[in-house]
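Line by line, the protein sequences give chains A and V.
Those letters in the first sequence? Residues 6 to 355, per this note's numbering, in order.
Those letters in the second sequence? Residues 239 to 852, per this note's numbering, in order.
Below: the structure, in structure tokens.
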Amino acid sequence: MSTRVNEILTTAASFEMPKYSSKDFSSDQDVRWCPGCGDYSILAQTQRVMPELGIPRHKTVFVSGIGCSSRFPYYMETYGFHGIHGRATAIASGLKVARPDLSVWVVTGDGDGMSIGGNHFIHLLRRNIDVKVLLFNNQIYGLTKGQYSPTSEQGKVTKSTPQGSLDYPFNPAALALGASATFVARTLDRDPKHMQMVLKRAAEHKGTSFVELYQNCNVFNDGAFFQFTEKDTKDDSLVLIEHGKPLVFGKEKDRGIKLDGFTPTVVSLKDGQHSVNDLLVHNERDTTLSFILADMTYKASLPRPVGIFLSVERPTYEDLMTAQIEHARAKRGEGDMDKLLNSGDTWVIS
Amino acid sequence: MSSTKQTQSLEEVTIRFAGDSGDGMQLTGTQFTNTTALLGNDLSTFPDYPAEIRAPQGTLFGVSGFQIHFGSTEIHTPGDQCDVLVAMNAAALKVNLNTLIDGGAIIVNTDGFSDKNLKLAGYAQSPLRDGSLDKYRLYEVDITKLTSLALQDLNLSSKLVDRSKNFFALGMMFWMYNRPIEPTVDWIYEKFKNKPDIKEANTRVLKAGWNYGETTEIFKVRYEVGPAKLTPGKYRNITGNQATAWGLMAAAKKAKLELFLGTYPITPASDILHELSIYKSFGVKTFQAEDEIAGITSAIGAAFGGALATTTTSGPGVALKSEAMGLAVMVELPVVIVNVQRGGPSTGLPTKTEQADLLQAVYGRNGEAPIPVVAAATPGDCFYAAVEASRIALKYMTPVILLTDGYLANGSEPWLIPSMSALPDIGVPFRTEKEGFLPYLRDEKTLSRPWAIPGTPGLEHRIGGLEKAHLTGNISYDPKNHEFMVRLRDEKIERIAHDIPDAVVEGAASGDLLVVGWGGTYGAIKSAVTKVQSRGLKVSQMHLKHLNPMPKNVETVFKSFKHILVPELNLGQLLKILRSKYLVPAVGLDKIQGLPFRSVEIEAKIEELLKGGK
Ligand code: SF4
Chain A
6 MSTRVNEILT
16 TAASFEMPKY
26 SSKDFSSDQD
36 VRWCPGCGDY
46 SILAQTQRVM
56 PELGIPRHKT
66 VFVSGIGCSS
76 RFPYYMETYG
86 FHGIHGRATA
96 IASGLKVARP
106 DLSVWVVTGD
116 GDGMSIGGNH
126 FIHLLRRNID
136 VKVLLFNNQI
146 YGLTKGQYSP
156 TSEQGKVTKS
166 TPQGSLDYPF
176 NPAALALGAS
186 ATFVARTLDR
196 DPKHMQMVLK
206 RAAEHKGTSF
216 VELYQNCNVF
226 NDGAFFQFTE
236 KDTKDDSLVL
246 IEHGKPLVFG
256 KEKDRGIKLD
266 GFTPTVVSLK
276 DGQHSVNDLL
286 VHNERDTTLS
296 FILADMTYKA
306 SLPRPVGIFL
316 SVERPTYEDL
326 MTAQIEHARA
336 KRGEGDMDKL
346 LNSGDTWVIS
Chain V
239 MSSTKQTQSL
249 EEVTIRFAGD
259 SGDGMQLTGT
269 QFTNTTALLG
279 NDLSTFPDYP
289 AEIRAPQGTL
299 FGVSGFQIHF
309 GSTEIHTPGD
319 QCDVLVAMNA
329 AALKVNLNTL
339 IDGGAIIVNT
349 DGFSDKNLKL
359 AGYAQSPLRD
369 GSLDKYRLYE
379 VDITKLTSLA
389 LQDLNLSSKL
399 VDRSKNFFAL
409 GMMFWMYNRP
419 IEPTVDWIYE
429 KFKNKPDIKE
439 ANTRVLKAGW
449 NYGETTEIFK
459 VRYEVGPAKL
469 TPGKYRNITG
479 NQATAWGLMA
489 AAKKAKLELF
499 LGTYPITPAS
509 DILHELSIYK
519 SFGVKTFQAE
529 DEIAGITSAI
539 GAAFGGALAT
549 TTTSGPGVAL
559 KSEAMGLAVM
569 VELPVVIVNV
579 QRGGPSTGLP
589 TKTEQADLLQ
599 AVYGRNGEAP
609 IPVVAAATPG
619 DCFYAAVEAS
629 RIALKYMTPV
639 ILLTDGYLAN
649 GSEPWLIPSM
659 SALPDIGVPF
669 RTEKEGFLPY
679 LRDEKTLSRP
689 WAIPGTPGLE
699 HRIGGLEKAH
709 LTGNISYDPK
719 NHEFMVRLRD
729 EKIERIAHDI
739 PDAVVEGAAS
749 GDLLVVGWGG
759 TYGAIKSAVT
769 KVQSRGLKVS
779 QMHLKHLNPM
789 PKNVETVFKS
799 FKHILVPELN
809 LGQLLKILRS
819 KYLVPAVGLD
829 KIQGLPFRSV
839 EIEAKIEELL
849 KGGK
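Given below as structure tokens:
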């Protein structure tokens, strides 16, 4: 069907993509996050990765909800939509279904994505619409000035919980897996290289990509992730999960994760009882394993897993819809409105 | 089939089919309607069904009804009262008896009056025996028994046999009102082509019903209702929801855009989703979202991408969508929001009709968030209202609310089929020119902003729900800019008044009383006004299709009448708007029963006003 949108796309097809640099993805707007905020790093890594994706700026759209992170689209020299609280995933769903040719990204936070937008979030994942979701997790409400969030640790003392919060936190990676996500990853604002790798993989994945980014809010929740990002502690507190590689961690690479039945346990590689061969080897195409790894998240005895939990293929919602439309057209031809109006029982009055 | 009995001619008749919600009364009514339409009668229907899908059998709250009013004259309503009541059981009789005129005919299925049925319906003794129905003409037929006799040799389950009995009633009514059974036979063949025993059973029972009327002594006369004088042309029957769906499709075609529907199922709007989901070959994309909010926000996303985007719902859904409607106002993207109104507040009366969402449509958002409002007047008018709502949305880059209601949605009428070429072309302000592009640049005349869709090189820009700086669309907290933008958005909607037709006055251009209505009350008002006009009263009718902004001539029209009456199925919502906007001493007539107006109710109010105030 020739639509006005198709006309624009046909004209744009002759567009010759320049060799972009990260600067080309930076808009003329002043970035307004607090100095020192982890968001700066995420913006920088995203702008660095964009030129490598081979997608023109005009085909890229960033959609966001409400919160500190949701200012993100204003700073990207692409199409952008700053929506309303919690609904970025739903806006992006409609956009991608209407326009499968676009590269659609969602920027959300732990409040926006896990609390007010929790419902849209899980439904996006189960539908597997090809949208890239970046969840900036700072475990606090920043924009509203410091209330606990759905990922804050239990007992957290904030303005709205002077005696400590009662809520048990969401584990976003496990939530995403539970909603049948096809790509689930976690990365850190203070590890630019790792973040770039994860963002690229997320972009390349066909289907919904979910990336949880640990992000420091230095104003209201400073240091929430320092254990996993700072030199002294990170090696002992964090385990990088990489496809096909055993789970080894520790400053000296002297510990690993072994599966005891379905239960991950820490073993020493130095005490002569275990070797690398005994360790759990990550397979990002194994859905069962992904649950086990994600479940390590809040266990004090285990290092925090960071990396790509899962990357599997499943048909996307928009591809299935396109197939239904094409099938209907192949069978019945392009719909004819006059024919439809005149279909069924009709009669003539003369 | 032809008949040997005496035939009497009638100008118009109203029949009500009533039974258990599992008895197939809606299907019976629809079949009777389609055949009646084929005969060239004018008609109007009103399905009246319970909110429970399968309420317990035989209970009062499980009664489902379908009323059809047809005639050789113009028909504007489904009929104030019925002439014939077909009651499949005691509960159906009890619930519907008050809709029957004195002296009207009751055809009962006697099998539905067992002791158990009587008890469930709350009858101490059988109304068929206690003389309470003496002022009516009562016909007792054991439909259940006759149905099973007709199917005796087929060895069908008793459940299947029971399910066929509505076709017996239908066959009888076809006989009584001299209508052919062939269209229904054709329909049965098509519908049950893969279920031979159901096909055979239904066809047999339908014929048995017809023959019963013809051969038994119980009915002495049958009736003839000749074709109506309708505007020449090709007709079809259409319900409001179907017309809405087709109107949206027609608009998309005219605008050369893809139609995107983001929606969540809700009574009585779901049939629009069902209808649109059929038409994949038209490129229609239907997205059944996880909730009402995702319904509209997905539509807003699709609109950003360049689709004709729509969301369909009822009042409770609009309540949930209102924040997103404000977003659509702010980002100035076209979205058609269809509200098929039902009884409220809260869950209210899901299957009943009401007009109590007008103030919600015109004012119900945070901040100054003006949205154009269009309302359909009849089932067939839903088509044109949907085209008009889409035209305004696309031309002015704005969300538009289309109001219909449960009565229009499920009601049907013969509809003169339009041709696509006769519909206006719909322009779309897609921007491709890079030079001088600003996201909030305004068209001088319409004040609408350019629609620059992703995929257009060089027009990368950002929009959002924060206040926009004039022209650039950048975030702005400047006090003066805010007031300027609020006034600009308001002015944009106000200017639409220059682009809509004048409100039509039906009847003399001046007189003693003007009856002003909107939405689904058109037919009832029309009938009432026509009647009092024929008695020489100086009464005219004005039915508003554009409720925000209103047509420019409204104020002038008001000045030509001594009194203004506003009948509404609410507590006077249009009345409030008219009084505050035009400072006129209009009076209201309110009905809030989940039911449409009877034209006599409006007639009585007109008489009362003119007696008192002449
Ligand atoms: S409040 Fe926290 S999250 Fe928000 S911008 Fe400031 S540092 Fe960043």
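Note that CB positions come from ideal geometry on N, CA and C, so glycine has one too.
Note that the structure is a prediction, hence the values are computed from the model and not measured.
Exposed or buried, which one is N327 of chain V when buried takes at least 16 other CB atoms within 10 Å?
Here the question's residue 327 of chain V lines up with position 89 in the second sequence. Of the other Cβ atoms in all chains shown, 16 or more fall within 10 Å of the Cβ of N327 of chain V; this residue is therefore buried.
By the criterion of Cβ-Cβ separation under 7 Å, what are the contact partners of D529 of chain V in chain A?
Along the second sequence, one-based indexing puts residue 529 of chain V at 291. Per Cβ cutoff of 7 Å: N124.
Alpha carbon to alpha carbon, what distance is there between Q269 of chain V and S352 of chain V?
Along the second sequence, one-based indexing puts residue 352 of chain V at 114. Along the second sequence, one-based indexing puts residue 269 of chain V at 31. Between S352 of chain V and Q269 of chain V, the C-alpha separation is close to 28 Å.
Along the chain, where does the alpha helix (DSSP H) containing M342 of chain A start, and where does it finish?
Residue 342 of chain A sits at position 337 when you count from the first residue of the first sequence. Looking at the DSSP string, the run of the alpha helix (DSSP H) that includes M342 of chain A is 342-346.
Take the Cβ of S214 of chain A as the centre, count every other Cβ of all protein chains shown within 10 Å, and call the residue buried at 16 or more, exposed below.
By 1-based counting over the first sequence, the position of residue 214 of chain A is 209. Buried is the call here.
Kindly examine the ligand SF4 and report whether one of its heavy atoms sits closer than 7 Å to the Cβ of P44 of chain A.
As a first step, residue 44 of chain A is located in the first sequence; it is residue number 39 there, counting from the start. Checking the sequence shown, residue 44 of chain A turns out to be Asp, not Pro. For the ligand SF4, at least one heavy atom lies less than 7 Å from the Cβ of D44 of chain A.
Between the C-alpha atoms of T321 of chain A and F188 of chain A, what's the straight-line distance to the nearest angstrom?
Along the first sequence, one-based indexing puts residue 321 of chain A at 316. Along the first sequence, one-based indexing puts residue 188 of chain A at 183. Going by C-alpha positions, T321 of chain A is about 12 Å away from F188 of chain A.
The segment 693-707 of chain V: positions lying closer than 8 Å to chain A by Cβ:
So the close ones are G693, T694, P695, G696, L697, E698, H699, R700, I701, G702, G703, L704.
Beta-carbon spacing of F233 of chain A, L243 of chain A below 8 Å:
Sequence index remark: in the first sequence, residue 233 of chain A carries index 228 (1-based). Sequence index remark: in the first sequence, residue 243 of chain A carries index 238 (1-based). In contact: F233 of chain A and L243 of chain A (Cβ atoms closer than 8 Å).
Compute every distance between the C-beta of G260 of chain V and the non-hydrogen atoms of the ligand SF4, then say whether any falls below 7 Å.
Taking the first residue of the second sequence as 1, we reach residue 260 of chain V at position 22. Not one heavy atom of the ligand SF4 is found less than 7 Å from the C-beta of G260 of chain V.
Run down chain A in chain order and give the residues with a C-beta less than 8 Å from the C-beta of G656 of chain V.
If you number the second sequence from 1, residue 656 of chain V lands on position 418. It is worth fixing the name first, because residue 656 of chain V is Pro in this sequence and not Gly. Residues of chain A passing the Cβ test: L346.
For the segment 471-503 of chain V, enumerate the residues whose C-beta is nearer than 8 Å to any C-beta of chain A, in chain order.
If you check each beta-carbon in the segment 471-503 of chain V against every beta-carbon of chain A, the ones closer than 8 Å belong to G471, K472, Y473, R474, N475, W484, M487, A488, K491, A493, K494, L495, E496, F498, G500.
Is there a Cβ from chain A that is less than 8 Å from the Cβ of E438 of chain V?
Counting from one through the second sequence, the residue named residue 438 of chain V turns up at place 200. Not an interface residue.
With distances taken from CA atoms, which of V:S798, V:A647, V:F308, V:P288 is nearest E513 of chain V?
Taking the first residue of the second sequence as 1, we reach residue 513 of chain V at position 275. Residue V:A647 holds the alpha-carbon nearest to the alpha-carbon of E513 of chain V among V:S798, V:A647, V:F308, V:P288.
Reference V612 of chain V, options V:P554, V:E682, V:K467, V:L782, closest by Cα:
Translated into positions along the second sequence, residue 612 of chain V becomes position 374. When each option's Cα is compared against that of V612 of chain V, the closest is V:L782.
C-alpha gap between L149 of chain A and S659 of chain V, whole angstroms:
Here residue 149 of chain A refers to the residue found at position 144 when the first sequence is read from its first residue. Here residue 659 of chain V refers to the residue found at position 421 when the second sequence is read from its first residue. Here residue 149 of chain A turns out to be Thr, not Leu, going by the sequence shown. Taking the straight line joining both Cα atoms gives about 54 Å.
Can you check DSSP and say which residues form a bridge with G257 of chain V?
As a first step, residue 257 of chain V must be located in the second sequence, where it is residue number 19. Under DSSP, G257 of chain V takes part in a beta bridge, and its partners are V:S302.
When you compare only the Cα positions, how much space is there between I306 of chain V and R680 of chain V?
For the purposes of this step, residue 306 of chain V is taken as the residue at position 68 of the second sequence. For the purposes of this step, residue 680 of chain V is taken as the residue at position 442 of the second sequence. I306 of chain V and R680 of chain V: Cα-Cα distance of roughly 50 Å.
Can you tell me the Cα-Cα spacing of I426 of chain V and K433 of chain V, whole angstroms?
Along the second sequence, one-based indexing puts residue 426 of chain V at 188. Along the second sequence, one-based indexing puts residue 433 of chain V at 195. Per the coordinates, the alpha-carbon of I426 of chain V lies some 10 Å from the alpha-carbon of K433 of chain V.
For the ligand SF4, is there a heavy atom less than 7 Å away from the beta-carbon of N143 of chain A?
If you number the first sequence from 1, residue 143 of chain A lands on position 138. In this structure, N143 of chain A has its beta carbon less than 7 Å from a heavy atom of the ligand SF4.
State the Cα-Cα distance for the pair N279 of chain V and C320 of chain V, rounded to the nearest angstrom.
On the second sequence, position 41 is the one that residue 279 of chain V refers to. On the second sequence, position 82 is the one that residue 320 of chain V refers to. If you draw a straight line from the Cα of N279 of chain V to the Cα of C320 of chain V, it comes to about 17 Å.
Is Q598 of chain V closer than 8 Å to G644 of chain V when the C-beta atoms are compared?
Working through the second sequence from its first residue, we reach residue 644 of chain V at position 406. Working through the second sequence from its first residue, we reach residue 598 of chain V at position 360. With respect to Q598 of chain V, G644 of chain V sits apart: the two C-beta atoms are not nearer than 8 Å.
The ligand SF4 heavy atom lying under 7 Å from the CB of G147 of chain A
Your numbering for residue 147 of chain A matches position 142 in the first sequence. Yes, the beta carbon of G147 of chain A sits closer than 7 Å to at least one heavy atom of the ligand SF4.
Does chain V have any CB closer than 8 Å to the CB of P56 of chain A?
Here residue 56 of chain A corresponds to residue number 51 of the first sequence, with the count starting at 1. Cβ-Cβ to chain V under 8 Å: no for P56 of chain A.
Interface residues of chain A around I691 of chain V at Cβ under 7 Å?
Counting from 1 along the second sequence, the entry for residue 691 of chain V is found at position 453. Ordered by position in chain A, the residues that pass the 7 Å Cβ test against I691 of chain V are V10, I13.
Cutoff 6 Å; reference A607 of chain V; Cβ partners in own chain excluding five residues on either side:
Position 369 of the second sequence, counted from the first residue, corresponds to residue 607 of chain V. Here the set comprises G564, V567.
What is the rounded straight-line gap between the Cα of I354 of chain A and the Cα of N475 of chain V?
Counting from one through the first sequence, the residue named residue 354 of chain A turns up at place 349. Counting from one through the second sequence, the residue named residue 475 of chain V turns up at place 237. Near 13 Å, if we compare the C-alpha coordinates of N475 of chain V and I354 of chain A.
Helix, strand or coil at T15 of chain A [DSSP, three-state]
Position 10 of the first sequence, counted from the start, is the residue given in the question as residue 15 of chain A. Note: T15 of chain A maps to helix in three-state DSSP.
Measure the alpha-carbon distance for E290 of chain V versus P503 of chain V and round it to whole angstroms.
The residue given as residue 290 of chain V occupies position 52 in the second sequence. The residue given as residue 503 of chain V occupies position 265 in the second sequence. Straight-line spacing of the CA atoms in E290 of chain V and P503 of chain V works out to 16 Å.
Find out if the Cβ-Cβ distance for the pair D258 of chain V, V301 of chain V is shorter than 8 Å.
For the purposes of this step, residue 258 of chain V is taken as the residue at position 20 of the second sequence. For the purposes of this step, residue 301 of chain V is taken as the residue at position 63 of the second sequence. Yes, these two residues count as a Cβ contact at 8 Å.
So what does E217 of chain A bridge to, in DSSP terms?
To locate residue 217 of chain A, count along the first sequence from 1; it is residue 212. Partner(s): A:L140, A:R191.
Indicate the three-state DSSP secondary structure (helix, strand or coil) for L281 of chain V in the structure shown.
Residue mapping note: residue 281 of chain V aligns to position 43 of the second sequence, counting from 1. Strand, per DSSP.
Taking G260 of chain V as the query, report the chain A residues whose CB atoms sit under 9 Å from its CB, ordered along the chain.
By one-based count along the second sequence, residue 260 of chain V stands at place 22. Residues of chain A passing the Cβ test: none, with the nearest at roughly 26 Å.
List, from N- to C-terminal side, the alpha helix (DSSP H) runs of 4 residues or more that fit wholly inside the segment 344-418 of chain V.
Considered as a whole, the segment 344-418 of chain V harbours 353-359, 381-388, 396-414 as its complete alpha helix (DSSP H) runs of no fewer than 4 residues, in chain order.
Fully enclosed by the segment 593-672 of chain V, which beta strand (DSSP E) runs are 3 residues long or longer?
The segment 593-672 of chain V contains these whole beta strand (DSSP E) runs: 611-613, 637-643, 650-654.
Does the ligand PLP have even one heavy atom less than 7 Å from the beta-carbon of F296 of chain A?
Looking at this structure, you won't find the ligand PLP anywhere; what it does contain is the ligand SF4.
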